[in-house]
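Chains as they are written, first to last, in the numbering used here: chain A, 46 to 793; chain B, 57 to 212.
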């Protein structure tokens, strides 16, 4: 798709002054292409949508992905800076607004580095070659006589060198070399890729000057809070406007548009109060005392719904993968092992509740949103305010955590609607209660796994069935349970060589908004897989790590399509990111080596192990638990071995793995969202606890870098944690936990 | 009523029941103090009142009369940052960064009271501050580094 881009708008987001002097130009750009156009205005070199170099040699890097703790806004510039051989202190980091010219901006699915590594590397290398060529021409030497290094071009023959700024104007006249013509630096010459560069926002973080969505302030801005129907699809039935208006500071009371299916990212409706500060708005909303009717989902009760899920497990099978004949193998088995696993709804609970600010400027709308995808904000907001998506200028602020919640910009639409109504800038502030009670929850799931063992304790068949309401139902209400994409997160790439393997799904419908949360359906699938391997190992009289290695079998690349599976491989080709059993075994062995898994443990202590590939990255966990005589559980230590291919910023990869263990421990120990009468029963961190400092294990991380191609990092650390913990509990006590959270099961 | 924020004299004649959190963020425009739960459960809004760490979402404006309030913006002096701020950077503690103002303020209060805390002391003091990104082990190390004198205050 080709469209026109007016570069003047880009200027609006540049930090600092004098970066682009009076540059106004239009040029055709290909939205997803890289070297779509070279623009020659004011002598600035524009090597791609993501990179330009100013006449003074300042390197402008347009970071189109958001920052929510995963480090993308530092890691992506590292890639360009490395190939460009730029001086890090001369980079202007520009947080890019939402625009299709940047390609996919949805910071989600652990994709920022893995999907844009080549693009960013190409941009940096192309610009470097253009500067080198310009220098060679100026000096009258051949291109191989010059070399870029540390923001200068060096003449190999004379030893003379000059700053990049000397060549920007001339380089800007040159064509941008395409992917087949650029040369990349040798690994040994890298200065930023593979180095633990400090986060570009570090000083802001530690001094409190960083700007998150909740922190946005505009001249004359009003603060909004809202009460939404507690049941999805419910409606506002009454409220006391006078009482709200009587609260000092309250400016207006506004009914939000009535919600209609499909769910998508639409706001839920309800009542908003606008005031001169958040406290007054909250008081006003309390005084308004809005009332609601429940609607179709008012009967949703998660305890009852679990029974429906088990009926789905007993009921019709929707087959997703079939190899051999599991039923015959199970019938002929020496031992059959069967287990049921349950994982409840979960919630992201980022530390920053959602927030969005909207301000009309003439016919256009400016927004500042802690969103994972500014383009999705444009698309979601547009129909509510009568604009085209391109008329909405969206800046993604820093995100105080997200974990998938902030890729659904329902809250942004609320801000835009209210700003239009008020004729003033409005910040929509979600409270923690709003966040907990109106999330897009991780689904609720039931799974049954059957395994057949022969006389030697070898697994001859694995039959796996899962049932849960699908994320896709929020977009297409006809969806009846797991779709292939969700099955592909852990179940269609089961890495076992066992001759008989079958994966089925059961039908289910959702009654709350279902969404994706860090590692998505891998959470429940890895829990069942990791637990059941442990169960089979015990049944077969083997160590669990040995059982894993036996099940995985030979070194090979797995193609799930051969067993009839519609496997999407996280949007990657199997050529670029194969399902490589050797890498899976390697991380498993590394975690065993780091932890001493298999050694004798003191009474009440246990080690548990699990391993999982997700987002094309391989992660193994060993976790130590201690269980007291009273059943009290603690998780003092964990070991992680991760192979994410190339680690662009190794310390950030380590940090993500450390954090993923804490996130996974929260899921295992505490995570549970329940509904009664269609309403979510938890409202804050008392009802929905997450791990605190004293509950969080100390994590040791090893990064195995086996390829030069980066995989995902933000999510793949999560899936193996919960089964490693419950397996450790079994090792310590003989108590098998098959439903999450562990909660009070230890002491009950 | 009168009080001080980061050494600056403030006069306030509004609602005495307004939590200090919303005064700081909305009225004073100081957004370094974060809103996390509004219920004293997460610690993101931690500030010092007369040197003691408190949850500003649970502190009424009436409560701060005559006191000296210190926020993350006032923990250092100009460019000279508190040792904990330096330690946080050296250990790459923050992931998303949102809870870290509160974490640092809580840790500063701990070290002011107890310059050489044990690991248990750290757990006890920091237990009220949630980090959903899970940066706890780096928080612990940073507090340890400052307590051990390995990292001093300075510029970043």
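We put the beta carbon where it would ideally sit given N, CA and C, even for glycine.
- The residue among A:694, A:690, A:653 with its C-alpha nearest the C-alpha of residue 119 of chain A is A:694.
- Taking 9 Å as the cut-off, the Cβ atoms of residue 368 of chain A and residue 546 of chain A count as close.
- Going by DSSP, residue 375 of chain A is part of the alpha helix (DSSP H) stretching over 371 to 376.
- Using a Cβ-Cβ cut-off of 7 Å, residue 113 of chain A is close to 152 of chain B, given in chain order.
- Straight-line measurement puts the Cα of residue 737 of chain A at about 26 Å from the Cα of residue 570 of chain A.
- Excluding sequence positions up to five before and after residue 387 of chain A, its CB lies within less than 6 Å of the CB of 491, 784, all in the same chain and listed in chain order.
- Assigned with DSSP and collapsed to three states, residue 681 of chain A falls in strand.
- For residue 252 of chain A, the residues of chain B that pass the 9 Å Cβ criterion are 88, 128, 129, 131, 132, 137, 141, 157, 212, in the order they occur in the chain.
- In terms of CA proximity to residue 638 of chain A, A:668 leads the group A:668, A:609, A:657.
- Close CB contacts of residue 172 of chain A within its chain, under the 7 Å cut and outside five residues either way in sequence, are with 90, 92, 96, 98, 129 (chain order).
- Within the region 94 to 110 of chain B, contact with chain A at the beta-carbon level (separation under 7 Å) is assigned to 94, 95, 97, 98, 100.
- In terms of beta-carbon proximity, residue 324 of chain A lines the interface with chain B, with at least one pair separated by less than 9 Å.
- Contiguous alpha helix (DSSP H) elements confined to the region 476 to 511 of chain A occur at 477 to 482, taking only those with 4 or more residues.
- DSSP, reduced to helix, strand and coil, places residue 631 of chain A within a helical segment of the structure shown.
- As for any alpha helix (DSSP H) of minimum length 4 sitting wholly inside the region 93 to 171 of chain B, the runs are 139 to 146, 156 to 169, ordered along the chain.
- In this structure residue 599 of chain A is exposed. Its beta-carbon is surrounded by fewer than 16 other beta-carbon atoms within 10 angstroms.
- A distance below 7 Å between beta-carbons, with the five flanking residues on each side excluded, links residue 649 of chain A to the following residues of its chain, in chain order: 671, 672, 673, 777.
- Contact holds between the region 309 to 319 of chain A and the region 259 to 270 of chain A, because three or more Cβ pairs, one in each stretch, are under 8 Å apart.
- For residue 647 of chain A, no Cβ of chain B is located within less than 9 Å of the residue's own Cβ.
- Residue 661 of chain A and residue 76 of chain B have their alpha carbons spaced roughly 46 Å apart.
- In this structure, DSSP gives residue 368 of chain A an extended state, which the three-state scheme calls strand.
- For residue 733 of chain A, the closest of A:529, A:534, A:791, A:480 by C-alpha to C-alpha distance is A:480.
- Beta-bridge partners assigned by DSSP to residue 194 of chain A: A:197.
- The shortest C-alpha to C-alpha distance from residue 457 of chain A to any of A:446, A:174, A:413 is the one to A:413.
- Residue 83 of chain B places its beta carbon 9 Å or farther from that of residue 103 of chain B.
- Judged by their CB atoms, residue 540 of chain A and residue 489 of chain A are not nearer to each other than the 9 Å cut-off.
- In the DSSP assignment, residue 591 of chain A falls within the alpha helix (DSSP H) that extends over 589 to 597.
- The contact set of residue 172 of chain B on chain A, defined by CB atoms closer than 7 Å, is empty, because the minimum CB distance reaches about 18 Å.
- At least 9 Å separates the CB of residue 166 of chain B from every CB of chain A.
- A straight line joining the alpha-carbon of residue 452 of chain A with that of residue 395 of chain A spans about 12 Å.
- At a cut-off of 9 Å between C-beta atoms, residue 72 of chain B does not count as an interface residue with respect to chain A.
- Relative to the Cα of residue 417 of chain A, the nearest Cα in the group A:200, A:362, A:628, A:440 belongs to A:440.
- Of the other Cβ atoms in all chains shown, fewer than 16 fall within 10 Å of the Cβ of residue 211 of chain B; this residue is therefore exposed.
- The beta-bridge partner set that DSSP reports for residue 550 of chain A consists of A:363, A:511.
- Linking residue 184 of chain A to residue 205 of chain A through their CA atoms gives a straight-line distance of about 10 Å.
- Residue contact with chain B for residue 634 of chain A: absent (no Cβ-Cβ distance below 9 Å to any residue of chain B).
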